[in-house]
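**Student:** Residue numbers (our numbering): 244 to 789.
Each residue gets a CB set at the ideal place from its N, CA and C atoms; glycine is no exception.
Remember, it's a predicted structure, so these values are computed and weren't measured experimentally.
Here it is: the structure, laid out below.
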């Protein structure tokens, strides 16, 4: 998940009516009864269809449903073969051997081969690509040296022979099988990518598809588009839906109204406290696990005040997370107890990882005031003025900054001035990536069911997700140990994660706010959609209307 910064917006998918067809109501038909068509929406715009460069959940939602990878997460939460016929792992966990299915094709009818898989991995780590997700490949043989410009991409430990792909790793990576299902590592057709050049992935027509559906009608900026069944998908016989209409619907009340009118199949009710409270007990309300978290990032690179440890600690101590979750989110979120979200994965003893690693975040107004006073004296630049940035597209995000601004200013009085910077989702991502912020609200949806999907965000000062550019060697060492020397020892890795959490809290490098929950109203006649707490959160490959 940059040299990318984690921009997540943890994905919340909202079903919405799409226009342009009889089924969608143009001629009076009811879209919720058309067995050939489903209708969904995204709460924010798509950024790109470039497989190597996509970083946000909305773009990956489209890619994950139009591109296939070697494996796919099934309804049991298992990484099961998709383009792969089978795979095996060596005893030391350092070699993965994958056998492709025979006769695979791209949506344009051309052959999909093992070389397309190799090319995608090479393109991901190639510094010329500028992939913000490249760091996920760290641990594959020579990947780090390639990303650093020290070796050629041809030396990456991914090779093809006939229908067989071999992955050689520097060390065991417990999460590696999940990467083989991740949209950003899906195969890419080299000749197509090179022909499109800078236009690759900028519109639906500038991409070729390996998944159950092809994408159509997206010109790079418009808010209506669709997926149509890909007859060249290896398992197309089991794909029952012909068309999935999509629309960008940024207003949650509009989506809810459409649902109540019987014109949509699904709508999130987790977008506003009022909506959640009014609908959470409805018969068609459905809750699903979502391993997502929200935290504050402090710019410790350019902001003199936020470079000060005591000031950061004071800000954390002045944050009442339980009250925040109640007042700002209306119970749609749970108060954070760690960086890692609840519901991501369990420890070897069966305990939720978040419960195991929690370091003891507390609310202590008196101690916060003391540390803040000491920190201001050390900085010696007078009154602290900072901006607090979040998305304009989310009511809960706006409520969150309102709450934090009030909490900090009421705690520290005239010694602090907090201004709110409310910007579109796309701008917030850009500001995070460029470091153009003081304090920014960041949402992160885990990529796979392993603690490293959170802890690797800040694996070093230069890690793609470390937007605040903090340095914490104790944290860095704990994460490195989990990813390397303890990679094959599950209980030791869990202790490493616990050590990392404590180091993160002690230095107040971030401020965990809350873990996400997902509750939606779902039309009962839509079956086969797979909801995952991580990665592709809504898989529509086999979704259909009864």
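The beta strand (DSSP E) with residue 758 in it runs from where to where?
**Tutor:** On the chain shown, position 515 is the one that residue 758 refers to. Taken as a continuous stretch (DSSP letters only), the beta strand (DSSP E) holding residue 758 covers 753-759.
**Student:** Can you find at least 3 beta carbon pairs, one from the region 425-433 and one from the region 400-416, that sit closer than 8 Å?
**Tutor:** The region 425-433 vs the region 400-416: no contact.
**Student:** Determine the extent of the beta strand (DSSP E) in which residue 323 is found, giving its start and end residues.
**Tutor:** Numbered from 1 along the chain shown, position 80 holds the residue referred to as residue 323. That run of the beta strand (DSSP E) goes 322-324.
**Student:** From residue 267 to residue 761, what distance separates their C-alpha atoms?
**Tutor:** The count along the chain shown starts at 1 and reaches residue 267 at position 24. The count along the chain shown starts at 1 and reaches residue 761 at position 518. Because residue 267 carries a pLDDT of 34, less than 50, the predicted location of this residue cannot be relied on, and no value is offered for it.
**Student:** Buried or exposed: where does residue 274 fall if 16 or more other Cβ atoms within 10 Å of its Cβ makes it buried?
**Tutor:** Counting from 1 along the chain shown, the entry for residue 274 is found at position 31. Counting Cβ neighbours within 10 Å, residue 274 comes out buried, since at least 16 surround it.
**Student:** Along the chain, where does the alpha helix (DSSP H) containing residue 521 start, and where does it finish?
**Tutor:** Here residue 521 refers to the residue found at position 278 when the chain shown is read from its first residue. Taken as a continuous stretch (DSSP letters only), the alpha helix (DSSP H) holding residue 521 covers 516-522.
**Student:** Does residue 363 pass the burial test, meaning 16 or more other C-beta atoms within 10 Å, or should it be called exposed?
**Tutor:** By one-based count along the chain shown, residue 363 stands at place 120. It is buried - the Cβ of residue 363 has at least 16 other Cβ atoms within 10 Å.
**Student:** Buried or exposed for residue 594, please, with buried defined as at least 16 other CB atoms from any protein chain shown within 10 angstroms of its CB.
**Tutor:** Here residue 594 corresponds to residue number 351 of the chain shown, with the count starting at 1. Exposed is the call here.
**Student:** When the Cα atoms are used, what is the spatial distance from residue 608 to residue 643?
**Tutor:** Stepping through the chain shown from its first residue, residue 608 is reached at position 365. Stepping through the chain shown from its first residue, residue 643 is reached at position 400. When rounded, the distance between both Cα atoms is 19 Å.
**Student:** Taking 8 Å as the cut-off, decide whether the C-beta atoms of residue 314 and residue 325 are in contact.
**Tutor:** Counted from its first residue, the chain shown places residue 314 at position 71. Counted from its first residue, the chain shown places residue 325 at position 82. For residue 314 and residue 325, yes; Cβs fall inside 8 Å.
**Student:** May I ask you to report which of helix, strand or coil DSSP gives residue 265?
**Tutor:** Indexing the chain shown from 1 puts residue 265 at position 22. Its pLDDT being 31, under 50, residue 265 is placed unreliably by the model, and the measurement read from it follows with that caveat. Coil at residue 265, not helix or strand.
**Student:** Is the beta carbon of residue 602 sitting closer than 8 Å to the one on residue 737?
**Tutor:** Against the chain shown, residue 602 aligns to sequence position 359. Against the chain shown, residue 737 aligns to sequence position 494. Cβ atoms of residue 602 and residue 737: not closer than 8 Å.
**Student:** Check whether the Cβ atoms of residue 495 and residue 515 lie closer than 8 Å to each other.
**Tutor:** The residue labelled residue 495 in the question sits at position 252 within the chain shown. The residue labelled residue 515 in the question sits at position 272 within the chain shown. Yes.
**Student:** Nearest by alpha-carbon distance to residue 630: which of 437, 766, 539 and 392 is it?
**Tutor:** Sequence index remark: in the chain shown, residue 630 carries index 387 (1-based). Nearest option by C-alpha distance: 539.
**Student:** With a CB to CB cut of under 6 Å and the five nearest residues on each side skipped, what residues in its chain are close to residue 548?
**Tutor:** The residue labelled residue 548 in the question sits at position 305 within the chain shown. Excluding positions up to five away in sequence, the list reads 554, 622 and 627.
**Student:** Just curious, the beta strand (DSSP E) that residue 367 is in, first and last residue?
**Tutor:** Here residue 367 refers to the residue found at position 124 of the chain shown. Run containing residue 367: none in the beta strand (DSSP E); it sits in the alpha helix (DSSP H), 357-368.
**Student:** Please say whether residue 732 and residue 486 have beta carbons closer to each other than 8 Å?
**Tutor:** Here residue 486 refers to the residue found at position 243 of the chain shown. Here residue 732 refers to the residue found at position 489 of the chain shown. No, these two residues do not count as a Cβ contact at 8 Å.
**Student:** Contact between the region 451-458 and the region 344-360 is defined here as three or more beta-carbon pairs at a separation below 8 Å; is this criterion met?
**Tutor:** Enough Cβ pairs lie closer than 8 Å, so yes.
**Student:** Among 669, 449, 749 and 512, whose alpha-carbon lies nearest the alpha-carbon of residue 572?
**Tutor:** For this step, residue 572 is matched to residue 329 along the chain shown. Taking only the C-alpha atoms, the option nearest residue 572 is 512.
**Student:** Thinking C-beta only, is residue 316 closer than 8 Å to residue 775?
**Tutor:** For the purposes of this step, residue 775 is identified with residue 532 of the chain shown, where counting begins at 1. For the purposes of this step, residue 316 is identified with residue 73 of the chain shown, where counting begins at 1. Contact: yes.
**Student:** Give a yes or no on whether the C-beta atoms belonging to residue 379 and residue 412 are separated by under 8 Å.
**Tutor:** By 1-based counting over the chain shown, the position of residue 379 is 136. By 1-based counting over the chain shown, the position of residue 412 is 169. No.
**Student:** Check whether the Cβ atoms of residue 666 and residue 617 lie closer than 8 Å to each other.
**Tutor:** Position 423 of the chain shown, counted from the start, is the residue given in the question as residue 666. Position 374 of the chain shown, counted from the start, is the residue given in the question as residue 617. It is not a contact, given that the beta carbons lie outside the stated cut-off.
**Student:** Are at least three pairs of beta-carbons, each pair with one atom in the region 672-682 and one in the region 717-733, less than 8 Å apart?
**Tutor:** These segments do not touch.
**Student:** Here's a check: name, in chain order, each residue in its chain whose Cβ is nearer than 8 Å to the Cβ of residue 645, leaving out the five neighbours to either side.
**Tutor:** What you label residue 645 is simply residue 402 of the chain shown in a count that begins at 1. Excluding residues within five positions, the ones whose Cβ falls inside 8 Å are 571 and 663.
**Student:** With a CB to CB cut of under 7 Å and the five nearest residues on each side skipped, what residues in its chain are close to residue 577?
**Tutor:** For the purposes of this step, residue 577 is taken as residue 334 along the chain shown, with counting starting at 1. Closer than 7 Å at the Cβ level, and outside the excluded window around residue 577, lie 568, 585, 757, 758 and 760.
**Student:** Start and end of the alpha helix (DSSP H) containing residue 725?
**Tutor:** Here residue 725 corresponds to residue number 482 of the chain shown, with the count starting at 1. Unbroken alpha helix (DSSP H) run through residue 725: 716-726.
**Student:** Tell me the DSSP secondary structure of residue 308 in three-state form.
**Tutor:** Residue mapping note: residue 308 aligns to position 65 of the chain shown, counting from 1. Residue 308 falls in the helix class under three-state DSSP.
**Student:** Quick one, which of 479, 286, 503 and 651 has its alpha-carbon nearest residue 493's?
**Tutor:** Reading the chain shown from its first residue, position 250 is the one you call residue 493. Considering only alpha carbons, the answer is 286.
**Student:** Residue 333: buried (16+ other C-beta within 10 angstroms of its C-beta) or exposed?
**Tutor:** Locating residue 333 in the chain shown gives position 90, where the first residue counts as 1. With fewer than 16 Cβ atoms within 10 Å of its Cβ, residue 333 is classed as exposed.
**Student:** For residue 391, count the other beta carbons within 10 Å of its own beta carbon; 16 or more makes it buried, fewer makes it exposed. Which is it?
**Tutor:** What you label residue 391 is simply residue 148 of the chain shown in a count that begins at 1. Flag for residue 391 reads exposed.
**Student:** Determine the contact status of residue 714 and residue 704, defining contact as a CB-CB distance below 8 Å.
**Tutor:** By 1-based counting over the chain shown, the position of residue 714 is 471. By 1-based counting over the chain shown, the position of residue 704 is 461. Closer than 8 Å, so yes.
**Student:** Nearest-angstrom Cα distance between residue 717 and residue 619?
**Tutor:** Translated into positions along the chain shown, residue 717 becomes position 474. Translated into positions along the chain shown, residue 619 becomes position 376. Cα to Cα, residue 717 sits roughly 25 Å from residue 619.
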